[in-house]
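Structure record follows, encoded as structure tokens.
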Amino acid sequence: MRRALIAGNWKMNLGLEEGMVLVQSLLNQSSAEDFANCDVLVCPQMPLIAPLADIAGNIKIGAQDCGATDSGAFTGDTSPQLLASLGCDYVIVGHSERRAGRFEDDGLIQAKAGAAQKAGLTAIVCVGESEMERELGNAETIVASQLAGSIPEGSNAENLVVAYEPVWAIGTGKTASEADVQEMHASIRDQLEDLLGDASKIRILYGGSVKADNAKALLALKDVDGALVGGASLKAESFMPIIKATK
Ligand code: PEP
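In the working numbering, the protein residues as written are 650 to 896.
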């Protein structure tokens, strides 16, 4: 049995006061039972990690990216060790907005995930095909090659989460069909099995326009262990029902 993970990716949204209000609202609107069913994670902008970790209670705090080494002359990067020392538990790496918009390749993503794991963080490694790749029937091949290139050797259920996010479903209101999501998640699990040995406990999240009205059906799929949520994680009214859908 894998414990669900509902992760909110705030991207470059929400300032300090808004972030504090949102975390407080999530705490006020949730019960102990909600946290019994799943881990709840929010990933704010870097400067909010420490102040939010101070008030987050049962909610976990994650970063949206990290540097590929512990320390050094890497202007603008953030050390995963520093993140861990500030109360961060998870870091998203290889989000499609960084793969496409910041030209990050599998090798860099693997190095970031490895550095995060070395610092004691859980790396959430994102993979996903473009619309054209799906139309051409190449979705599974593309995702398999991203996994092979970006998962650090020796990863396990404690330090790795995989997020399958079809690029065409992110922020568009389009979601993959339940059958396509389950098929891809099963294929990812098979590949993790080949790469790492036992993958039965590794959590695989679905991301791409997850909302209150589609969360229950997606989260009920056999190999879907949670969700990576963008837009709907920015308000308690839209994020809370997704957390409650894990019941
Ligand atoms: C994301 O940014 O990872 C994401 C899934 O966004 P959205 O939920 O808005 O599609």
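The beta-carbon is built from N, C-alpha and C at its ideal position, and this holds for glycine as well.
Query raised in the report: Going by beta carbon distance, what residues of the same chain come within less than 8 Å of Val873, once the five residues before and after it are set aside?
Result: Locating residue 873 in the sequence shown gives position 224, where the first residue counts as 1. Only residues of its own chain outside the window of five on either side were considered, and among them Val830, Gln831, His834, Ile853, Leu854, Tyr855 and Leu867 have a CB closer than 8 Å to the CB of Val873, listed in chain order.
Query raised in the report: With DSSP run on the structure shown, which of helix, strand or coil describes Leu665?
Result: By one-based count along the sequence shown, residue 665 stands at place 16. Residue state, collapsed to three classes: helix.
Query - Buried versus exposed, by CB contacts within 10 Å (16 or more), Gly822 - result: Here the question's residue 822 lines up with position 173 in the sequence shown. So Gly822 counts as exposed.
**Report entry** Neighbourhood of Gly803 by C-beta distance below 8 Å, restricted to the same chain and skipping five residues each side
**Finding:** Numbered from its first residue, the sequence shown carries residue 803 at position 154. Annotation for Gly803: Leu845 place their beta carbon closer than 8 Å to its own, counting only its chain and skipping 5 residues before and after.
Requested in this report: Go through the stretch 760-799 residue by residue and report every complete run of the beta strand (DSSP E) that reaches 3 residues or more, in order.
Outcome: Segments of the beta strand (DSSP E) lying fully in the stretch 760-799: 771-776.
Requested in this report: Rank Cys692, Gly664 and Asn863 by C-alpha distance to the C-alpha of Gly879 and give the top, closest one.
Outcome: Position 230 of the sequence shown holds residue 879. The shortest C-alpha separation from Gly879 is found at Cys692.
Requested in this report: May I have the straight-line CA-CA distance separating Asn686 from Arg652, to the nearest angstrom?
Outcome: By one-based count along the sequence shown, residue 686 stands at place 37. By one-based count along the sequence shown, residue 652 stands at place 3. Taking the CA atoms as reference points, Asn686 sits about 7 Å from Arg652.
Query raised in the report: What number of angstroms, rounded off, separates the C-alpha of Ile800 from the C-alpha of Gly657?
Result: Position 151 of the sequence shown, counting from 1, holds the residue named residue 800. Position 8 of the sequence shown, counting from 1, holds the residue named residue 657. Between the alpha carbons of Ile800 and Gly657 lies a distance of about 22 Å.
Query raised in the report: Is Leu877 near the ligand NAD, going by C-beta to nearest heavy atom under 6 Å?
Result: With respect to the ligand NAD, the structure shown offers nothing to examine, as its ligands consist of the ligand PEP.
Requested in this report: Helix, strand or coil for Asn677, going by three-state DSSP, please let me know.
Outcome: Walking along the sequence shown from the start, residue 677 turns up at place 28. In the three-state scheme derived from DSSP, where H, G and I count as helix and E and B as strand, Asn677 is classed as helix.
Query raised in the report: Comparing the CB of Asn863 with every heavy atom of the ligand PEP, is any distance shorter than 6 Å?
Result: Taking the first residue of the sequence shown as 1, we reach residue 863 at position 214. The ligand PEP never approaches Asn863 closely enough for any of its heavy atoms to be under 6 Å from the residue's Cβ.
Query raised in the report: Between Ser734 and Val816, which are expected to be in contact by the criterion C-beta below 8 Å, what is the C-beta distance as a whole number of angstroms?
Result: Sequence index remark: in the sequence shown, residue 734 carries index 85 (1-based). Sequence index remark: in the sequence shown, residue 816 carries index 167 (1-based). Not quite, the Cβ-Cβ distance comes to about 33 Å (not below 8 Å), so this is no contact.
Requested in this report: Counting only the same chain and skipping the five closest in sequence on each side, list residues whose C-beta sits under 6 Å from that of Gln730.
Outcome: By one-based count along the sequence shown, residue 730 stands at place 81. Around Gln730: Asp719 and Ala768.
Query raised in the report: Comparing the CB of Ser858 with every heavy atom of the ligand PEP, is any distance shorter than 6 Å?
Result: What you label residue 858 is simply residue 209 of the sequence shown in a count that begins at 1. Yes; taking the cut-off as 6 Å, the Cβ of Ser858 has a heavy atom of the ligand PEP nearer than that.
**Report entry** Gly820 Cβ short of 6 Å to the ligand PEP heavy atom set
**Finding:** What you label residue 820 is simply residue 171 of the sequence shown in a count that begins at 1. At least one heavy atom of the ligand PEP is nearer than 6 Å to the Cβ of Gly820, so yes.
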